[in-house]
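**Student:**
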Amino acid sequence: MDHLIGALIGAPLLGAGVLLVGGRRLDRVGHWIGCLLAAASFALGAALFVHMLGRPTGQRTLTSHLFSWVPVGGFRADVAFQLDQLSMTFVLLITGVGTLIHIYSVGYMAHDENRRRFFGYLNLFLAAMLLLVLADNYLLLYVGWEGVGLASYLLIGFWQHKPSAATAAKKAFIVNRVGDMGLSIAIMVLFTTFGTFSFAPVFSHATSASQAKLTVVGLLLLLGACGKSAQVPLQSWLGDAMEGPTPVSALIHAATMVTAGVYLVTRSGAVFNAAPTAQLAVCVVGAVTLMFGAIVGCAKDDIKKALAGSTMSQIGYMMLAAGLGPIGYVFAIMHLVTHGFFKAGLFLGAGSVMHAMNDEVDMRRYGGLRKYMPITYVTFGLGYLAIIGFPGLSGFWSKDKIIEAAFAKGGTEGWILGGVALLGAGITAYYMTRVMVMTFFGEPRWQPAPDPDEVPSVEPGIEVHPGELPHPHESPKSMTIPMVVLAVGSVLAGGLFSINSAFLKWLEPVTGHSEGHSPVSTWEVTAATLVVLAVGAALAWAQYGRAPVPVTAPRGSLLTRAARRDLLQDDFNHVVLVRGGEHLTRSLVYLDHSLVDGAVNGTAASVGGLSARLRQVQNGYVRSYAVSMLGGTAVVVAATLLMRAV
Amino acid sequence: MAFPLLTVTAAVPAVGAIATAAVPAGRRTAAKWLALGFSLATLVLAAVDAARFTPGGARYQLTESHAWIADFGVRYELGVDGIAVVLVLLAAVLVPFVMLAGWHDADVLDGHTPNRNWRPTQGFFALILLVEAMVVISFESTDVFLFYIFFEAMLIPMYFLIGGFGDRAGAKGEDEQAKQRSYAAVKFLLYNLVGGLIMLAAVIGLYAVTAHQLGGHGTFSLPQILQARASGQLRLSTTAERWIFLGFFFAFAVKAPLWPLHTWLPNAMGESTAPVAVLLTAVVDKVGTFAMLRYCIQLFPEASKWATPVILVLSVIGIIYGALLAVGQRDIKRLIAYASISHFGFIILGIFAMTSQGQGGATLYMVNHGISTAALLLVAGFLITRRGSRLISDFGGVQKVAPLLAGTFLVGGLATLSLPGLAPFVSEFLVLVGTFSRYPAAGVVATLGIVLAALYVLVLYQRTMTGPVKAGIEGMKDLKARELAVVAPLIALLVFLGVYPKPVTDLINPAVKDTLSDVHRTDPAPQINASLTAAAKETAK
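Line by line, the protein sequences give chains W and Z. Quick note on the working numbering: the first sequence kicks off at 4 and runs consecutively. Quick note on the working numbering: the second sequence kicks off at 2 and runs consecutively.
#1: When you compare the CB positions of Z/G450 and Z/F347, do they come within less than 9 angstroms of one another, or not?
#2: Between the Cα of W/L66 and those of W/Y332, W/D81, W/W162, W/F197, spot the shortest distance and give me the residue it belongs to.
#3: In chain Z, what lies closer than 9 angstroms to W/E246 by C-beta?
#4: Using a Cβ distance threshold of 8 angstroms, determine whether the region 306 to 314 of chain Z contacts the region 242 to 261 of chain Z, with at least three qualifying pairs required.
#5: Does DSSP put Z/Y77 in a helix, in a strand, or in coil?
#6: Work out the CA separation of Z/I19 and Z/F426 for me, nearest whole Å.
#7: Alpha carbon to alpha carbon, how far is W/A556 from W/G99?
#8: Just to check my reading of the structure: W/V109 and W/S481 have Cβ atoms closer than 8 angstroms, yes? What is that Cβ distance to the nearest angstrom?
#9: If Z/P97 sits next to Z/L131, beta carbons under 8 angstroms apart, how far is it from one beta carbon to the other, in whole angstroms?
#10: Just to confirm, are W/L223 and W/I188 a CB contact at a threshold of 9 angstroms?
#11: Between which two residues does the alpha helix (DSSP H) holding W/E416 run?
#12: Mind pulling the chain Z residues with CB within less than 9 angstroms of W/G445?
#13: Contact check, W/G150 vs W/A131 under 8 angstroms by CB: the rounded distance?
#14: Anything in the region 18 to 34 of chain Z with a Cβ closer than 8 angstroms to a Cβ of chain W? List those residues in chain order, please.
#15: Note down, in chain order, every chain W residue with its Cβ under 9 angstroms from the Cβ of Z/F437.
#16: With distance defined between alpha-carbon atoms, name the residue in W/F399, W/I298, W/L144, W/G328 nearest to W/A281.
#17: Taking the straight line between their C-alpha atoms, what separation do you get for W/G182 and Z/H105?
#18: Out of W/R568, W/S493, W/V487, point me to the one whose CA is closest to W/L396's CA.
#19: With which residues is W/V65 paired in a DSSP beta bridge?
#20: Under 9 angstroms Cβ-Cβ, which residues of chain W neighbour Z/K503?
#21: Would you report the Cα separation of Z/G216 and Z/L508, rounded to the nearest angstrom?
#22: Taking Cβ to Cβ, would you say Z/A257 is nearer than 9 angstroms to Z/G289?
#23: Tell me whether the beta-carbon of W/Y332 lies closer than 9 angstroms to the beta-carbon of W/L510.
#24: To be precise: take each residue of the region 271 to 294 of chain W, compare its Cβ to all Cβ atoms of chain Z, and keep it if any distance is under 9 angstroms. Which residues remain?
#25: Residue range of the beta strand (DSSP E) that Z/A68 falls in?
#26: If you measure from the beta carbon of Z/Q330 to each beta carbon in chain W, is any gap under 9 angstroms?
#27: If we require 4 or more residues per run, which alpha helix (DSSP H) segments fall completely within the region 118 to 162 of chain Z?
#28: DSSP three-state call for Z/G103: helix, strand or coil?
#29: To which residues does DSSP link W/N140 through a beta bridge?
#30: Is it the case that the Cβ atoms of W/V364 and W/K308 are separated by a distance below 9 angstroms?
#31: Nearest-angstrom Cα distance between W/R616 and Z/L95?
#32: Roughly how far, in whole angstroms, is the beta-carbon of Z/R1 from the beta-carbon of Z/L63, given that I think they are within contact range, below 8 angstroms?
#33: Of the residues that make up the region 255 to 270 of chain Z, which ones have a beta carbon closer than 7 angstroms to any beta carbon in chain W?
#34: Measure the CB-CB distance between Z/V284 and Z/L495 and report whether it falls below 9 angstroms.
#35: Taking beta-carbon pairs under 7 angstroms, can you tell me which members of the region 389 to 408 of chain Z lie near chain W?
#36: Is it the case that the region 342 to 360 of chain W contacts the region 488 to 507 of chain W, given that we only count it when at least three CB pairs across the two stretches are under 8 angstroms?
Next comes the structure, spelled out in structure tokens:
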């Protein structure tokens, strides 16, 4: 059975290769090839799951060594896989939700001339994501890590003719690269500390390393996680990533890829457990992002961007839980899985609504859709109830546990983190009720479709008749069936996982578990959560359900306006990084020509009197050569001294 | 006497150059095929060299040694170690693609009525073969003087290739362009000549020292010098070693090029045709970094260690500086040139980190940079030829009309930004990890380069390929069969070496080990050796 691990990745990788190299002649069957190979991977995953269940709890880790990848001196990177309970959970989530979204995309992308390529990219994503969770060492994980980044880049920018999509794709990749830098330096520190970066030896020796080293590794891994999981301060790309087709938002930017940071922290539990400072940093990042995403989610009128804010916030919950150590690992992953169901379902629902509404994304132009799209309404509604943590549904079980665990950290930290998590639950109820009400309830506020010449940016899913009001209709079966399946998961998953603490028992051998010392009892947390939930939902209902919703957004308070602009973080980036960078590169281009080039030419000419031809093109400012040479020499000497000192 | 395989490997392209040049003016197509045939024959020979080479065997293999100028101890000595054999193979692999990509670059334009003896096409292909021959013999030579001769001589055909064949994509008209081109060619020549002259002084100095210490029998032979030093017969004084080292290093740093001696490269790459630019940066410049590894470090270990801090600082500056300048470029080819400067920074950083990952990674980097730059730059060349402009702002929306061209350009770009799964990632990571293990600060700063690389590659892709289709792009044709035949194998190589670089690293590793033992350097040991205990466990099983 162990050899099948490679085939898990191989199936979608083959699909990507065939679809991308195969060319136009595969256009008619391409999407089915993509679906088939995704499903094959899921079937393999399920078979391995059954196999794993048949083994005793302590011996469930399967390994498979394919080949030696980069052997240079003491540096040994292998292409080798490790499938344990944690990886298995991800495999089922990735291939399960992945297959559903492949099927959904058959209908959603039916009219796109590049549908084959779309499925090629989706398959590529599955392969990279599976590699990420199956790798048995950090360097191979890094390959998957950047691989999903590539797939994300290609899919966000799938409609490359839209400048906004191309910009968003580039932004996502570059912001992620900043995080990736953290991950690569972490691997280097691991290598110099342990002589290896394979999971098993690193984790078994983690406690023999100095705490300072482990803290450095932990913080660097956190930087990587912040990039991939859109956590503050590297969150700015996720909202823009909604430029991609909606199935992409559902699969990559909600259910799977963005949770990779949580996987990384949980997988590296042995390192974090021995580095409390790094753990606290994870908690803080999680708590800050939880609030950040929630506040942004409250202010967005674009349905996908509101959901993106929500995703950020929910991953904040997971990060917070993962930062708690053994108290929280299991619940972080449990929330990750339930979130995978309901958030994917919500996004698919949003896609279905957009399809029905001339690809309109502004919720202020929706309203009253429950009558026209009953299946979408019900499935979206169940996802909504699940995410706000309505008693009995998935989110209730997983989010409550995280809030409890936050309190269980103990001390002042526990109270603060627990308080933030609790407050976040109220805000979640507010913004999700807002989305639900604005979309499906109230009077229709539909607007005529825009002229495609003026707004060339609509998704090419359906025909748009300029000037006509939308004719909302239910989506085809290929789209509604995945929505129904995900809705069932949203309702049942959390409850099933909690029977007999099944999920806890399943994952505990990998992540460990401890109860912590909660200052509050379970029922007190549950009661408090239900109260804030009710308050949040009631507020939203009062604001958007009882009163009519204006079609153009009111000016709003200072906070609302800031939240609409992602709390001004993008503006900060733009002014400081983008503008600053432009000035820097421009002045360097100038300096390279006038100073460096001039200095070298000048030296050559004055030392050797070499060429009259070169002299013609010098700018002639002898003093500037002298100054630049002096300056350059000083820099080099200073840096050299610094190097010697280090 | 054994079959002189190395001589033949270098001689075949040289003979090919003469044969191509001799083809009559009217038979241009025949000349192209003839040149391509010779380059393919060279490739076969390079592959035979690699196959005959035994990793872990003698340090220099397939050796040939003949007296040449006995009075000055100059010998005709050839021999390859794992590093040289890999680089010979790189040159031999790339040249056929360079020719195929530049198939029409030297055609006689319509409307020109050439006189009977005007043969630019023959000249273009002959010069390429001549460069190849000289590069190959530079890699193979183990005699310092012999190396020096070809190191310098290759400037001449390169000069004519840069100055004589433009890409017909200048914005300012034919005359202005010819002026720019000749400026670039002269600048290339002068920079490298100055480097070469200083090296010549150092070469003579080396001879004088050996002659003085070895009882009048001066020598240029690398194996002999290494042996004499190992046995204690030859002891260079610290001062002498440092001066001679500097002379060698300066020449190699100009050729590589290392910041701040880089400014000739953007001119030369910008003005020459894309295939010539590939020949320059992917093949010829590698002689510079190769020579640092072979001559600087092996001949002058103490001086190399002495100079290391400065060189590391210059390399790191080059990495960041080159990348920042690439971000600010408006010209596609100049952008790629600055990216190359950044990459040369990585190579030199890896060499002077003096760890097995650093030097092994640097050698692999030379190979991967060659292939990835070829892929990116040749596709860029196809693009530029179609539009008749090198300015980024003249492009936009190409993916809509020429998806294959855009796709292959993206793959080349992704290789340039070292995406895992493609070859350059492996070498870049090795260089970084090898540097970090000895000089953490340099390693961390150099890692910034990976963010900047993403920036300049993706901005370039976005501006040229995405968005609405710009005026002048509408009718652009997608890749033709010949162009696809250039790009597809290069991409396949990038993927193969990204997934399975072991065949190459197996060749390189023993040579790097020898080099490191020349400088008496061992890899820094990890604080906790977790891998050893794990390996011990495995053997226990």
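The beta-carbon is built from N, C-alpha and C at its ideal position, and this holds for glycine as well. As the structure is a prediction and not an experimental result, all values here were calculated from the model.
**Tutor:** Working from what's here:
#1: Cβ distance < 9 angstroms, so Z/G450 and Z/F347 count as in contact.
#2: For clarity, residue 66 of chain W is Thr in the given sequence; the question names Leu instead. For the residues W/Y332, W/D81, W/W162, W/F197, the minimum Cα distance to W/T66 belongs to W/D81.
#3: Residues of chain Z passing the Cβ test: none, with the nearest at roughly 12 angstroms.
#4: Touching, yes, given that three or more Cβ pairs across the two stretches are closer than 8 angstroms.
#5: Correct three-state label for Z/Y77: strand.
#6: Between Z/F426 and Z/I19, the C-alpha separation is close to 39 angstroms.
#7: Roughly 39 angstroms separates the two Cα atoms.
#8: Indeed, because the Cβ distance is near 5 angstroms, the residues count as touching under 8 angstroms.
#9: That belief does not hold up - the Cβ atoms of Z/P97 and Z/L131 are roughly 15 angstroms apart, past 8 angstroms.
#10: Yes, Cβ-Cβ distance for W/L223 and W/I188 is below 9 angstroms.
#11: Per DSSP, W/E416 is one residue of the alpha helix (DSSP H) stretching across 414 to 443.
#12: Within chain Z, no residue comes near W/G445; the closest Cβ sits about 37 angstroms away, beyond 9 angstroms.
#13: W/G150 to W/A131, Cβ: 3 angstroms. Contact.
#14: Of all residues in the region 18 to 34 of chain Z, none has a Cβ within less than 8 angstroms of some Cβ in chain W.
#15: Result: I188, M191, V192, F194, T195.
#16: The candidate whose alpha carbon is nearest that of W/A281 is W/G328.
#17: As the crow flies, the alpha-carbon of W/G182 is around 44 angstroms from that of Z/H105.
#18: Here the closest residue by C-alpha is W/S493.
#19: In the sequence under discussion, the amino acid at residue 65 of chain W is Leu, which differs from the Val named in the question. W/L86.
#20: Going along chain W in sequence order, the residues near Z/K503 (Cβ under 9 angstroms) are F70, S71, W72, V73, P74.
#21: Straight-line spacing of the CA atoms in Z/G216 and Z/L508 works out to 37 angstroms.
#22: In terms of Cβ geometry, Z/A257 and Z/G289 form a close pair [threshold 9 angstroms].
#23: Closer than 9 angstroms, so yes.
#24: Residues passing the 9 angstroms Cβ filter: none.
#25: Element bounds for Z/A68: 62 to 70.
#26: Yes, because at least one Cβ of chain W sits closer than 9 angstroms to the Cβ of Z/Q330.
#27: You should have 121 to 141, 145 to 154.
#28: Looking at Z/G103 - three-state DSSP - the assignment turns out to be coil, as it is neither helix nor strand.
#29: Beta-bridge pairing by DSSP links W/N140 to W/S201.
#30: Yes, the pair counts as a contact, with Cβ atoms nearer than the cut-off.
#31: Residue placement at W/R616 cannot be trusted, given a pLDDT of 42 that sits under 50; what the coordinates show is reported in the next sentence. Those two C-alpha atoms are separated by around 34 angstroms.
#32: The question about residue 1 of chain Z has no answer, for chain Z in this structure spans 2 to 542.
#33: Answer in chain order: P261, L262, T264.
#34: For Z/V284 and Z/L495, no; Cβs fall outside 9 angstroms.
#35: Listed in sequence order: G398, Q400, K401.
#36: The region 488 to 507 of chain W makes contact with the region 342 to 360 of chain W: 3 or more CB pairs, one atom from each, lie closer than 8 angstroms.
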